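Q: So that you can map any letter, position 473 of the sequence shown is 473 in the UniProt record's numbering, and since no number is skipped, the others follow by simple counting. The structure is given below, and queries will be raised subsequently.
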Amino acid sequence: MSIKAAKRREDYLPPDFTVDHIDLKIVLAADATSVSAVLQVTRIGSHERPLCLDGEQLTLKSVEVDGIAWTDYQLSETALTINGVPDSFVLSTVVEIAPAHNTSLEGLYLSDGAFCTQCEAEGFRKITYFLDRPDVLSMYDVTITAPQDEYPQLLSNGNKLASGHNDDGTHWVKWQDPHRKPCYLFALVAGDFDLLTDEFTTQSGRVVALELYVDKGKLNRGQHALDSLKRAMRWDEEVFGLEYDLDVYMIVAVDFFNMGAMENKGLNVFNSKFVLADSETATDDDYFNIESVIAHEYFHNWTGNRVTCRDWFQLSLKEGLTVFRDQIFSETFNSPLATRIKQVKVIREHQFAEDAGPMSHPIRPDEVIEMNNFYTVTVYDKGAEVIRMLWTLLTPEGFKRGMRFYFDRHDGQAVTCDDFVNAMQDANDIDLSLFKRWYGQSGTPRISIAQHGDKLTIGQHTPATADQASKQALLIPLQLEMVPSNGQGESVQLTVALKSETQEVLLPVSSGNRVLSVNSGFSAPVIVEQQASLAELGSILSFAKSDFDRWEASQALFKQAMLANMEGDASVINETAQLMAQFITAEQRNLALLSEVLIPPSVESLVAGLEQVNVDALLNSHKAVYKRVAIECAPMLEKLLAALVLRDEYAYTPEQIVQRKALNTLLKLYSQCQDTSDMLTTLFTNADNMTDTLTALQAAQLGNQSTFESLMQQFEERWQDDPLVLDKWFALHATTERPDILARLQLLMEHKQYTLKNPNRIRAILGSFAFYNTAGLHLSDGSGYRFFTDHLLAIDPVNPQVAARIVTPLLSWRKFDSDRQDKIKFHLTRILDNPQISSDLFEKVSKSLA
Ligand code: 0A1
Ligand code: ZN
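And the structure:
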């Protein structure tokens, strides 16, 4: 494999040609699919340059220009360059491809016998020669031919125009998409699925057929996805006035998929994990995720498809915005507290780590080797936080006005992040030039607060990152809550727009007897440097108006206790435990808050927040604090648990979700200080739903080895033939702290359901291990690194995207002790020395070692 050259954002040039229309005729066969493409090509501007089309892993059969066989072209591994073409012409090519051999799951491939495509970011070039870039927008006619028996359903974007049968047992369907689109939104699916249908009438009266295609026999697991889709369609009309624009909306669930899902126009392809759910097999979290991914892909129809990206550096234009839209949708239909906490955990645990590591990049990156490496928590989740700050600064009404203006101005275009901010600015008559820096600057700003009476001096500063040495001040909407320290009186909330390195703020009320909760509600993706005292955190925990801030205080308390305990200071631990015990007594009726507050920050989020990590001490301290809090809270836990265990038949309702979450949190904590084997076994045996089943397993995993083993065995017997469910079992094993974890992983990889070809299996075992088994990955003899690296090297040639995604935890090797640093470096070098290394792994590993 040859490594791709880096591309820079500043080198963007508009295309030399555009393709107004493409007529694709695809005759499907696993080993030799024929793709005939007829392109109406127009030269842009006046130049003499040849037409240079992208193409990879294609066998070229013929080239014609205006119906005449053409020989004046050059062919390379990545391009077809056609010389001497007129200004406007019809180009016809025929290529052959081999979907059965496509393990990268990019382009056209087979997923369990069904053909499907994944073209974002640059997969269309593995289907036909084309201008594979998002600023070339074309109309599509697509005719698919395949054997009728094996592939009764032949799907593509848009509307079905015609269909027919051939004498050789094949049939064909012709599709036409009435909307211009970039090729990354092209999709094709052919297979034999079960079909769930419904209907949605838009606000202007268009009747839209909804079609959900799932594996045979899985129809009863599709209803939640379909209901979620209808909710999302209605919500987008009500909140943003955005209506669906085709007569049919299709979703296909496939088992082999590199990501969560894909927003292809009118034909979404989903990882089955984000479609299939019933109470027996899916947890409340799965239900939540399905709703949010279904909404996300639906929302892309406007933010991404109708207005798309000019180039891939602008990815956050569609992703940051669409994640934000799915976040506020989820906050509407679920607990806003639990939803916001989930979002902030992703930022703390993963995005801050990315910002501080070798792959640091702004939400609009400047340089990319492999685009697939930039579907990151920075582009997506920090991108969404940036949009959320606009929502705060402009107010929801101003933001919605900006959105309307954006669509009026840019519908049908391929645009940039600057175009988006300009639309927001022009619609609101506000200067957002300073705000634009968020798009170009990487790193996590640090906020410092110095208080002198009722005056605050607030400082901001962003440390240098791997990709950028110097940083500028940003426009940061920082929310503060002035919490009464003894609970007497009202909280006062204020938002300060920080614009420079330091800023003075006069507090609106006297600061006497009040404690400041800074970055209230996580109003900006920043780190607050100021260390609140235990007493102050106790006040925020008890009395803040914002439940989110109360949760933040609990996390800060846990963190301080864990760090202090590492230094041998036991007083913080005791005080924290007492504060938690007081809290649980005072808030015993507030299960929603209790079930969040009593979850300590994960080891991994602590690692992400530290510059230097003593792994062994951190792991010990984490356990010690958790246990100490459990002991202090035990009597209350016992009482609360007794009231929680009996419940009605499973329903995915807000009341029940809170109860199951509380059961999970409290039982895990209680199991730290009591033998809960009988309780866990009873819960496991009687559970009528996957959420409670997993609660029993997770609580046992944290300390009750023999119960864990026996329940896990029963789980495997029950679910061995259902890989999607078994992934939970794989992940539980892979995240268990045990000395023989590597032997256990090896066994898992010999399981009949494990295959290197399915990304969900790899993520469940190796991904979970690398991201969430800090003890196992960092075993002091380095065997965790060796094991993991051996498997990465095996995965890379099969599916480089997946290999490059799970290598991430090794990249931050600089924070560990010198012995571990040497060992990790040794294995990263082993990866880099592999002559067959993919561009995906190369980009990440070489940056990490630089
Ligand atoms: N656009 C999709 C995510 C996606 C990105 C890349 C893929 O293959 C490399 C697949 C899906 C989304 O945001 O949902
Ligand atoms: Zn997306």
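Positions of the beta carbon are idealized from the N, C-alpha and C atoms, including for glycine. Note that this is a predicted model, so its numbers are computed, not measured.
Quick one: give me the first and last residue of the alpha helix (DSSP H) that ASN428 is part of.
A: 417-428
Q: Could you tell me the alpha carbon to alpha carbon distance between GLN503 and TRP391, rounded to whole angstroms?
A: Taking the straight line from one Cα to the other gives about 22 Å.
Q: In its own chain, which residues sit with a C-beta less than 7 Å from the C-beta of LYS436, not counting the 5 before and 5 after it?
A: ASP418 and VAL421
Q: For ASP429 and HIS461, I'd like the C-alpha separation in whole angstroms.
A: 28 Å
Q: Flag this pair as yes or no: are the beta carbons of TRP175 and LEU195 separated by less than 9 Å?
A: no
Q: For the stretch 307-315 against the stretch 374-385, do three or more pairs of beta-carbon atoms, one drawn from each stretch, fall closer than 8 Å, so that the two count as touching?
A: yes
Q: Give every residue of the same chain whose Cβ lies closer than 6 Å to the Cβ of ILE631, excluding the five residues on either side of it in the sequence, and list them in chain order.
A: CYS673
Q: DSSP state of ARG180, grouped into three classes?
A: ARG180 falls in the strand class under three-state DSSP.
Q: Hey, would you say the C-beta of TYR140 is under 8 Å away from at least one heavy atom of the ligand ZN?
A: no
Q: Would you call the CB atoms of PRO147 and ILE347 closer than 9 Å?
A: no
Q: With three or more C-beta pairs closer than 8 Å as the rule, is the stretch 356-373 touching the stretch 288-307?
A: no
Q: Residue range of the alpha helix (DSSP H) that THR465 falls in?
A: Segment: none, THR465 is in no alpha helix (DSSP H) and carries neither H nor E.
Q: Measuring from each Cβ to the nearest heavy atom of the ligand NAP, keep the ones under 5 Å and list them in chain order.
A: No copy of the ligand NAP appears in this structure; the ligands present are the ligand 0A1 and the ligand ZN.
Q: Looking only at its chain, what residues have a beta carbon closer than 7 Å to the beta carbon of ILE741, apart from the 5 residues adjacent to it on each side?
A: For ILE741, the CB contacts under 7 Å within the same chain, skipping 5 residues up- and downstream, are ASN773 and GLY776 in chain order.
Q: Is any non-hydrogen atom of the ligand 0A1 found closer than 8 Å to the C-beta of ALA384, if you look at the structure I gave you?
A: no
Q: For the beta strand (DSSP E) containing GLN493, list its first residue and its last residue.
A: 492-498
Q: Grab the span of the beta strand (DSSP E) containing PHE288 for me, first residue to last.
A: Per DSSP, PHE288 belongs to no beta strand (DSSP E); it is in the alpha helix (DSSP H), 284-299.
Q: Between the Cα of GLY440 and the Cα atoms of ALA6, ASP692, HIS361 and LYS218, which residue gives the shortest distance?
A: Ranking ALA6, ASP692, HIS361 and LYS218 by Cα distance to GLY440 puts HIS361 first.
Q: Tell me the DSSP secondary structure of MET359 in three-state form.
A: coil
Q: Tell me the DSSP secondary structure of LEU210 in three-state form.
A: strand
Q: Flag this pair as touching only if the stretch 15-25 and the stretch 38-56 have three or more C-beta atom pairs under 8 Å; answer yes or no.
A: yes
Q: Taking the alpha carbon of VAL254 as the reference point, which residue from GLU199, TYR650 and VAL269 has its own alpha carbon closest?
A: VAL269
Q: Taking all protein chains shown into account, do 16 or more other C-beta atoms lie within 10 angstroms of the C-beta of HIS165, making it buried, or fewer, making it exposed?
A: Taking all protein chains shown into account, HIS165 has fewer than 16 neighbouring C-beta atoms within 10 Å of its C-beta and is therefore exposed.
Q: Assuming GLY107 and LYS126 make a contact with CB atoms under 8 Å, what is their CB distance in whole Å?
A: 3 Å
Q: Whole angstroms is fine: what's the gap from ARG404's alpha carbon to PRO800's?
A: Cα-Cα distance, rounded: 40 Å.
Q: Could you check the C-alpha separation between LEU711 and ASP721 for me, to the nearest Å?
A: 17 Å
Q: What does a CB cutoff of less than 6 Å around THR78 pick up in its chain, not counting 5 residues either side in sequence?
A: GLU56
Q: Does DSSP classify residue 851 as helix, strand or coil?
A: The displayed coordinates of the chain run from 1 to 850. Any statement about residue 851 would go beyond what the structure contains.
Q: In terms of residue numbering, what span does the beta strand (DSSP E) encompassing ASN159 cover?
A: 159-165
Q: Exposed or buried, which one is THR808 when buried takes at least 16 other CB atoms within 10 Å?
A: buried
Q: Please confirm whether any heavy atom of the ligand 0A1 lies closer than 8 Å to the CB of ALA261.
A: yes
Q: What are the start and end residues of the beta strand (DSSP E) that includes TYR249?
A: 248-254
Q: Please list the segments of the beta strand (DSSP E) lying wholly inside the stretch 37-124, counting only runs of 3 or more residues, in order along the chain.
A: 51-54, 59-65, 73-75, 79-82, 88-97, 107-111 and 114-118
Q: If you measure from the CB of VAL293, is any heavy atom of the ligand 0A1 nearer than 8 Å?
A: yes
Q: Going straight from the alpha carbon of ASN620 to that of ALA427, what length do you get?
A: 54 Å
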